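Student: Take a look at the following structure, please.
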Amino acid sequence: MKALLGAELLKMRSTRATALLVLATLLLAALTVATSVPGVMEENAWISLDDPDLLASMVGNGFGAPQVLMTLLGVLAFTQEFRYGTITSTYLGEPRRTRVLVAKGLSLTLASVVITTMTLTVTLTLGIALIRSQDGNVTLATQFWQTVAAGFVVMAAYGVAGVAVGALIPNQIAAVVGVLIWMLAVEQMVIPLVPEVGRWMPWGAATSVLQLGPSYGFDDVFLSAPMGALLLAGYTAAAAALAFVVTPTRDVV
Numbered sequence: 439m440k441a442l443l444g445a446e447l448l449k450m451r452s453t454r455a456t457a458l459l460v461l462a463t464l465l466l467a468a469l470t471v472a473t474s475v476p477g478v479m480e481e482n483a484w485i486s487l488d489d490p491d492l493l494a495s496m497v498g499n500g501f502g503a504p505q506v507l508m509t510l511l512g513v514l515a516f517t518q519e520f521r522y523g524t525i526t527s528t529y530l531g532e533p534r535r536t537r538v539l540v541a542k543g544l545s546l547t548l549a550s551v552v553i554t555t556m557t558l559t560v561t562l563t564l565g566i567a568l569i570r571s572q573d574g575n576v577t578l579a580t581q582f583w584q585t586v587a588a589g590f591v592v593m594a595a596y597g598v599a600g601v602a603v604g605a606l607i608p609n610q611i612a613a614v615v616g617v618l619i620w621m622l623a624v625e626q627m628v629i630p631l632v633p634e635v636g637r638w639m640p641w642g643a644a645t646s647v648l649q650l651g652p653s654y655g656f657d658d659v660f661l662s663a664p665m666g667a668l669l670l671a672g673y674t675a676a677a678a679a680l681a682f683v684v685t686p687t688r689d690v691v
């Protein structure tokens, strides 16, 4: 397993698309923070500069684009192999396909720690600077630390779920387009329009874990953070279980 994990991490590091996606995501995270701080680009913000949870909110909102990134990286971990025909040699090197699936999941979990740390570095540095430029309240309150911890959990879950999606949908274009449509169109429309339904979606669960309900204008609609975490874990486990069932029986051409 150690050799498999090392091979998966090497594949991820040596792929140019990974670096480009991470860079683009960090830029989007920075833009999200800049547009979320009251008085910078948004005059009528949903949160005030005096709110002790302002920094926690900015950090939580900064995880939007990284969530999509982790899902895409998970999808690419499998679909790239099918696209370039390397899946055959991978399975020849390790005939037990479930071990390959586990190695890819672990590699994305480790990658999520690095990317989450990078995201926090960018959002915290920029967020604190912008809040102070507006004479706002920079407080490392309890919710801030909860949001930081939640960020690591959410990012790992999305990475593992992405691997499962890639294993279930080996066609790279179909998998990537499907993920983007679901995460950026379907969920982003349903959650604000029908929050009673949206809160049960994966993004709604992540929103609950990150305690970002007020950013959608709803204080009591979303699940509690613990319930959101259980729901997100359930989605991740279900996707992984399905991948474990399908992967060993799929024909490889």
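Taking the numbering used here, the leading residue of the sequence shown gets 439, the next gets one more, and so forth. The beta-carbon is built from N, C-alpha and C at its ideal position, and this holds for glycine as well. These numbers were taken from a predicted model, which means no experiment stands behind them.
Hey, is the stretch 495-512 in contact with the stretch 457-477, meaning 3+ C-beta pairs nearer than 8 Å?
Tutor: With the cut-off at 8 Å, the stretch 495-512 and the stretch 457-477 touch.
Student: Just to confirm before moving on: does the CB-CB distance between A667 and V647 stay below 8 Å?
Tutor: Against a cut-off of 8 Å, the Cβ pair of V647 and A667 comes out as a contact.
Student: What are the boundary residues of the alpha helix (DSSP H) that M665 is part of?
Tutor: Unbroken alpha helix (DSSP H) run through M665: A663 to V684.
Student: Does the beta-carbon of M439 have 16 or more other beta-carbons within 10 angstroms, so that it is buried, or is it exposed?
Tutor: Per the 10 Å Cβ criterion, exposed.
Student: Taking only three categories from DSSP, how would you classify P476?
Tutor: Three-state DSSP puts P476 in a strand.
Student: Would you report the Cα separation of L669 and G523, rounded to the nearest angstrom?
Tutor: If I take the Cα positions, the gap works out to 35 Å.
Student: Just to confirm, are A595 and T674 a CB contact at a threshold of 8 Å?
Tutor: In contact: A595 and T674 (Cβ atoms closer than 8 Å).
Student: Might you give, ordered along the chain, the residues of its own chain that have their beta carbon closer than 7 Å to the beta carbon of T577, omitting 5 neighbours on each side?
Tutor: If we look at T577 and ignore the five residues flanking it on each side, its Cβ neighbours are P490 and L493.
Student: Is Q572 near the ligand NAD, in the sense that its beta carbon is under 7 Å from a heavy atom of that ligand?
Tutor: Although the ligand NAD was asked about, the structure shown includes no ligands whatsoever.
Student: Which of helix, strand or coil does DSSP assign to W641?
Tutor: In the structure shown, W641 sits in a helix (DSSP, three-state: H, G or I).
Student: Would you mind giving the Cβ-Cβ distance between T554 and G589, rounded to the nearest angstrom? I have them listed as a contact below 8 Å.
Tutor: So it is a contact: roughly 5 Å between Cβ atoms.
Student: Do you know offhand how far G444's Cα is from S452's?
Tutor: Spanning the two alpha carbons is a distance of roughly 12 Å.
Student: Do you know how far the Cα of P476 is from the Cα of L510?
Tutor: Roughly 31 Å between the two C-alpha positions.
Student: Which residue marks the beginning of the alpha helix (DSSP H) containing G574, and which one marks its end?
Tutor: G574 -> no alpha helix (DSSP H), and no H or E assigned at all.
Student: Anyone know if the C-beta pair for G565 and M639 falls short of 8 Å?
Tutor: Cβ atoms of G565 and M639: not closer than 8 Å.
Student: Whose C-alpha, out of L544, T561 and S550, is nearest the C-alpha of A472?
Tutor: Taking only the C-alpha atoms, the option nearest A472 is T561.
Student: Please tell me whether G651 has its Cβ less than 8 Å away from any Cβ of chain C.
Tutor: Looking for chain C here will not work: only one protein chain is present.
Student: Would the beta-carbon of P549 fall within 8 Å of that of G597?
Tutor: According to the sequence displayed, residue 549 carries Ala and not Pro. Taking 8 Å as the Cβ cut-off, A549 and G597 qualify as a contacting pair.
Student: Is the separation between the beta-carbon of Q572 and that of Q649 shorter than 8 Å?
Tutor: Taking 8 Å as the Cβ cut-off, Q572 and Q649 do not qualify as a contacting pair.
Student: Rounded to whole angstroms, what is the Cα-Cα separation between L661 and L568?
Tutor: Their Cα atoms are separated by approximately 30 Å.
Student: Can L539 and A681 be called in contact, C-beta distance under 8 Å?
Tutor: The answer is yes: Cβ separation under 8 Å.
Student: Where D632 and L507 are concerned, what is the direct C-alpha to C-alpha distance, given to the nearest angstrom?
Tutor: The displayed chain sequence assigns Val, not Asp, to residue 632. Rounded to whole angstroms, V632 to L507 spans 25 Å at the Cα level.
Student: So, with DSSP's three-state summary, where would you put E532?
Tutor: Correct three-state label for E532: coil.
Student: Tell me the DSSP secondary structure of L466 in three-state form.
Tutor: In the structure shown, L466 sits in a helix (DSSP, three-state: H, G or I).
Student: Within 10 angstroms of the Cβ of W641, are there 16 or more other Cβ atoms? Answer buried if so, exposed if not.
Tutor: Flag for W641 reads buried.
Student: Less than 8 Å separating the beta-carbons of V617 and V513?
Tutor: Contact: yes.
Student: Compute the Euclidean distance between the alpha carbons of A612 and R688, then round it to the nearest angstrom.
Tutor: In a straight line, the C-alpha of A612 is about 17 Å away from that of R688.
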